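So the sequence lines, in the order shown, correspond to chains F and A.
Read left to right, the first sequence gives residues 1 to 178 (this note's numbering).
Read left to right, the second sequence gives residues 1001 to 1426 (this note's numbering).
Here the structure is laid out as structure tokens; the discussion comes afterwards.
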Amino acid sequence: EKLFHSRDHSDVEMSSSHLAELITDTNTAQHFLFKYGFIKPVNWESTQSPDADTLTDADIFSEDTVSLVQEGRLASSRSGDSENPPESPDFVRALLEFQRVSGLPVTGVFDDATKVAMNKPRCGVPDKEEDQIETMETTTAAEDLNESAEIFNTTATPQSNNTDTDVVQNSTSDKTET
Amino acid sequence: EKQHHLQTLMRKTRRRKRSTGALWGHAAFSKSVLTWRLIGEGYSSQLSVDEQRYIFRLAFRMWSEVSPLQFVEDLHSPLDEIDIRLGFGTGRHFGCSQRFDGAGREFAHAWFLGDIHFDDDEHFTAPNTGNGISLLKVAVHEIGHVLGLPHIYRSGSIMQPSYRPQDDGFELDWLDRKAIQNLYGGCEGRFSTVFDWIRKERTAYGEVVVRFNTYFMRNSWYWLYENRSNRTRYGDPVSVQVGWHGLPSSGVDAYVHVWSHTTDEVYFFKGTQYWRYDSENDQVFSEDADGQRYPRLISEGFPGVPSPIDTAYYDRRDAHIYFFRGSMVYRFSVQANKLAAKSPQKMTELFPALTLGDHPTSNLDAAYFSYTHNTLFLLKGTSYWRVVGRRERKMKRSLPYNSLLPSREVQQQWFDICDVHASALK
């Protein structure tokens, strides 16, 4: 169990491995701004699928950030988007926007007030999302292609680690045999 | 195999939800009754299951009280047929692509027309229990996302992205209500009756003051309407049985308050019967001081008045009760205890329309004298007509007596009188 001593569990202790990473510097601040869409709007709806790969996983993003710092050059995330070095114009723009919407002094600097705000409990849904209607239409079109493949016995374009394609191919072969 | 099955289920669910189309020109659920379930493998380790389900029921009900949507907990249907699934997880959870970050920062996430996941590494607490993160507040926020609301950067909005420590009794404010109604429309519906209930109180100095409260009744439910706040009381509707002891549980047709220098009597009408209400003891009279027993037949207490009636009201200007039935109005003299001469008369004759064709004509739902507006209103369906009174005739003498101003929508005057699912009523 998580250790506690008070009747109301208010002193429940968390192991360090269960604590969220704090936003402490411009690198982690950049991660925050990227994750919640301030650097570029997030395609949040597509992440609902278990096999979605369009939003950078937190660990891998952190690794890329370290790589960026070590190598001193831009690195690409798994989604193919370019990252921004700390204090790049995009970073500053995103920081200004975050400060503005959060009611903070709009300084463009990663100051203490901004750090506190970023570390507050918050919802995981990005603040800036790609247009939802546009996203739905795109995804629906993609699924229509898969359905067409099933009906007309065409083979879907193979995608790595895409179980859906496996399903399409299996059902296609079953229909061919039938 | 389990992951493949889950992916197939989720793909089918999303396809079905998208095929339901868009409502009100925006992307939204197209049906008005939505099912939800706290999934069995997603219980929190911090609160009892009953507490979790209670909090979610309350969270859904709060949205139901301000929108035409109703929510029902469904414990029996196959999981892929549930509209909104909720669950607690930590780190990697439910095959979700978005890993939770541990204690601190992210407390939950949700998807439009989709599911809600709560980070069980956060210290969630029941409402009004001090430290921790209010599960109710988080749930209301995430349900807002499921219904189609984005984050809103406005102080006081439940859709702010960052968690604000809970104020005592947080509620959905005016702008949050309008935001959800932008997607799903306002609340509409007919009413059984509407009235202002007069209450006499004695101050600390011994003075008698008169106060009133406004009530809207629809079948077996009712709302108290707070005129100064432009909304109903938080937590309404309430069952008629709970608030009005002795009245029929299915509701009433009409309310009449006969109030004069010599008389102060309240009556409720339903079908062929009527009851007199004892406001001091907060229940109907079984027998009043005059020896009359209740319920009593309308034909006995008000000779000449047919039943059932559509609605009624007492007009203090002429000391008559106006009974409405069909297209006719029966004026009943309280002093003479009989119908007035010339009764009945057509509604269009006693209450002429100012705009040709703009008239309820028959089958009124309610005749409501409002002390807030000092005006009589006639309600039918989703529309109401304001009856020209002394103030209007002072400004424009040519207005006919008791004529009806052009109709307006009820929801433009009285806001957010919304049904909830019957299972949410206590």
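We put the CB at the ideal spot given by N, CA and C, even for glycine.
Values in this document were obtained by computation on a predicted structure and should not be read as measured data.
Determine the chain A residues that contact residue 19(F) at a beta-carbon separation under 9 Å, and present them in chain order.
As a working note, residue 19(F) is residue 19 in the first sequence. Result: 1101, 1102, 1103, 1104 and 1121.
I need the boundaries of the beta strand (DSSP E) containing residue 1072(A), first residue and last residue.
Residue mapping note: residue 1072(A) aligns to position 72 of the second sequence, counting from 1. First-last of the beta strand (DSSP E) with residue 1072(A): 1070-1073.
Evaluate contact between the segment 1358-1370 of chain A and the segment 1181-1199 of chain A, counting only Cβ atoms and requiring at least three cross-stretch pairs below 8 Å.
A contact exists between the segment 1358-1370 of chain A and the segment 1181-1199 of chain A.
Exposed or buried, which one is residue 72(F) when buried takes at least 16 other CB atoms within 10 Å?
For the purposes of this step, residue 72(F) is taken as residue 72 along the first sequence, with counting starting at 1. Below a pLDDT of 50, predicted positions are generally treated as unreliable, and residue 72(F), at 39, falls in that range; no measurement from the model is reported.
Under 8 Å Cβ to Cβ from residue 115(F), same chain only, skipping five residues before and after it: list those, please.
Reading the first sequence from its first residue, position 115 is the one you call residue 115(F). Excluding residues within five positions, the ones whose Cβ falls inside 8 Å are 23, 24 and 29.
Just curious, the alpha helix (DSSP H) that residue 1144(A) is in, first and last residue?
As a position in the second sequence, residue 1144(A) is number 144, starting the count at 1. From DSSP, the alpha helix (DSSP H) with residue 1144(A) extends over 1135-1147.
For residue 1100(A), which residues in the same chain have their Cβ closer than 7 Å to its Cβ, ignoring the five residues on either side in sequence?
On the second sequence, position 100 is the one that residue 1100(A) refers to. The residues are 1089, 1090, 1091, 1093, 1106, 1119 and 1121.
Could you tell me whether the Cβ of residue 1156(A) comes closer than 9 Å to any Cβ of chain F?
On the second sequence, position 156 is the one that residue 1156(A) refers to. Taking Cβ atoms only, chain F never reaches closer than 9 Å to residue 1156(A), which makes this a no.
Which residues in chain F sit within 8 Å of residue 1141(A), going by Cβ to Cβ distance?
Here the question's residue 1141(A) lines up with position 141 in the second sequence. 123, listed in chain order.
Return the chain-ordered list of same chain residues with a C-beta closer than 8 Å to the C-beta of residue 70(F), the five sequence neighbours on each side being excluded.
Indexing the first sequence from 1 puts residue 70(F) at position 70. Since pLDDT at residue 70(F) reaches only 42, below the 50 mark, its modelled position is unreliable, and the value read off the structure follows with that caveat. Cβ within range, chain order: n/a, list empty.
Does any residue of chain A bring its CB to less than 9 Å from the CB of residue 117(F)?
Along the first sequence, read from residue 1 onward, the residue named residue 117(F) stands at position 117. Yes, residue 117(F) lies at the interface with chain A (some Cβ there is under 9 Å from its Cβ).
If contacts are defined as beta-carbon pairs under 8 Å, then residue 1378(A) and residue 1350(A) qualify, I think. What distance do you get, rounded to the angstrom?
For the purposes of this step, residue 1378(A) is taken as residue 378 along the second sequence, with counting starting at 1. For the purposes of this step, residue 1350(A) is taken as residue 350 along the second sequence, with counting starting at 1. Not confirmed; about 11 Å, so no contact.
Please list the partners that residue 1107(A) has in chain F, where partner means a Cβ-to-Cβ separation under 8 Å.
Within the second sequence, residue 1107(A) is the residue found at index 107, counting from 1. In chain order: 121, 122, 123 and 124.
Nearest CA to the CA of residue 1080(A): which residue from 1046(A), 1043(A) and 1038(A)?
Here residue 1080(A) is taken as the residue at index 80 of the second sequence, counted from 1. The residue with the shortest Cα to Cα distance from residue 1080(A) is 1038(A).
Quick check: the Cα distance between residue 19(F) and residue 1229(A), rounded to an integer number of angstroms?
Numbered from 1 along the first sequence, position 19 holds the residue referred to as residue 19(F). Numbered from 1 along the second sequence, position 229 holds the residue referred to as residue 1229(A). Their Cα atoms are separated by approximately 43 Å.
Taking C-beta to C-beta, are residue 1243(A) and residue 1284(A) nearer than 9 Å?
Here residue 1243(A) refers to the residue found at position 243 when the second sequence is read from its first residue. Here residue 1284(A) refers to the residue found at position 284 when the second sequence is read from its first residue. Result no, Cβ atoms of residue 1243(A) and residue 1284(A) do not sit closer than 9 Å.
Can you grab the Cα-Cα spacing for the pair residue 1406(A) / residue 1354(A), in whole Å?
Against the second sequence, residue 1406(A) aligns to sequence position 406. Against the second sequence, residue 1354(A) aligns to sequence position 354. Distance between the alpha carbons of residue 1406(A) and residue 1354(A): 7 Å.
Could you check what DSSP says for residue 1054(A) in three-state terms: helix, strand or coil?
Working through the second sequence from its first residue, we reach residue 1054(A) at position 54. Residue 1054(A): helix per DSSP, three-state reduction.
So what does DSSP say about residue 1317(A), is it helix, strand or coil?
Start at 1 with the first residue of the second sequence, and residue 1317(A) comes out as number 317. It is coil, neither helix nor strand.
Using 8 Å as the Cβ pair cut-off and three pairs as the minimum, do the segment 1261-1277 of chain A and the segment 1285-1302 of chain A touch?
At 8 Å Cβ cutoff, the stretches touch.
Give me the chain A residues within the contact set of residue 47(F), using Cβ-Cβ distance strictly less than 7 Å, ordered along the chain.
The residue labelled residue 47(F) in the question sits at position 47 within the first sequence. 1097 and 1098, listed in chain order.
Find the nearest neighbour of residue 1169(A) within the set 1339(A), 1161(A), 1048(A) and 1058(A), judged by alpha-carbon distance.
Within the second sequence, residue 1169(A) is the residue found at index 169, counting from 1. Looking at the Cα atoms, 1058(A) is the closest of the given residues.
Which residue wins for smallest C-alpha separation from residue 1075(A), given the options 1085(A), 1067(A), 1068(A) and 1066(A)?
For this step, residue 1075(A) is matched to residue 75 along the second sequence. It is 1085(A).
Can you give me the Cβ contacts of residue 1432(A) inside the same chain, cut-off strictly under 7 Å, excluding the 5 residues immediately before and after it?
The structure shown does not extend to residue 1432(A), since chain A is modelled only from 1001 through 1426, so no value can be given for it.
Tell me where the alpha helix (DSSP H) around residue 1084(A) begins and ends.
Taking the first residue of the second sequence as position 1, residue 1084(A) is located at position 84. Here residue 1084(A) belongs to no alpha helix (DSSP H); instead the beta strand (DSSP E) covers 1084-1089.
Which residues in the same chain as residue 1139(A) place their Cβ atom closer than 7 Å to its Cβ, once the five residues preceding and following it in sequence are excluded?
To locate residue 1139(A), count along the second sequence from 1; it is residue 139. Answer for residue 1139(A): 1055, 1056 and 1059, listed in chain order.
Below 7 Å CB to CB, which residues in the same chain sit around residue 1393(A) once its five sequence neighbours on both sides are set aside?
By 1-based counting over the second sequence, the position of residue 1393(A) is 393. Hits under 7 Å: 1399.
With a cut-off of 9 Å, does the C-beta of residue 1301(A) fall near any C-beta of chain F?
As a first step, residue 1301(A) is located in the second sequence; it is residue number 301 there, counting from the start. Not closer than 9 Å to any Cβ of chain F, the Cβ of residue 1301(A) fails to qualify, so no.
Could you have a look at residue 1330(A) and say whether DSSP puts it in helix, strand or coil?
Locating residue 1330(A) in the second sequence gives position 330, counting from the first residue. Correct three-state label for residue 1330(A): strand.
Where does residue 35(F) sit, in a helix, a strand or coil, going by DSSP?
For the purposes of this step, residue 35(F) is taken as the residue at position 35 of the first sequence. Looking at residue 35(F) - three-state DSSP - the assignment turns out to be helix.
Report the three-state DSSP secondary structure of residue 1213(A) (helix, strand or coil).
Stepping through the second sequence from its first residue, residue 1213(A) is reached at position 213. Looking at residue 1213(A) - three-state DSSP - the assignment turns out to be strand.
For the segment 1220-1263 of chain A, which segments carrying the alpha helix (DSSP H) assignment without a break, of at least 4 residues, lie completely within its bounds, in sequence order?
DSSP runs (the alpha helix (DSSP H)) wholly in the segment 1220-1263 of chain A: 1240-1243.
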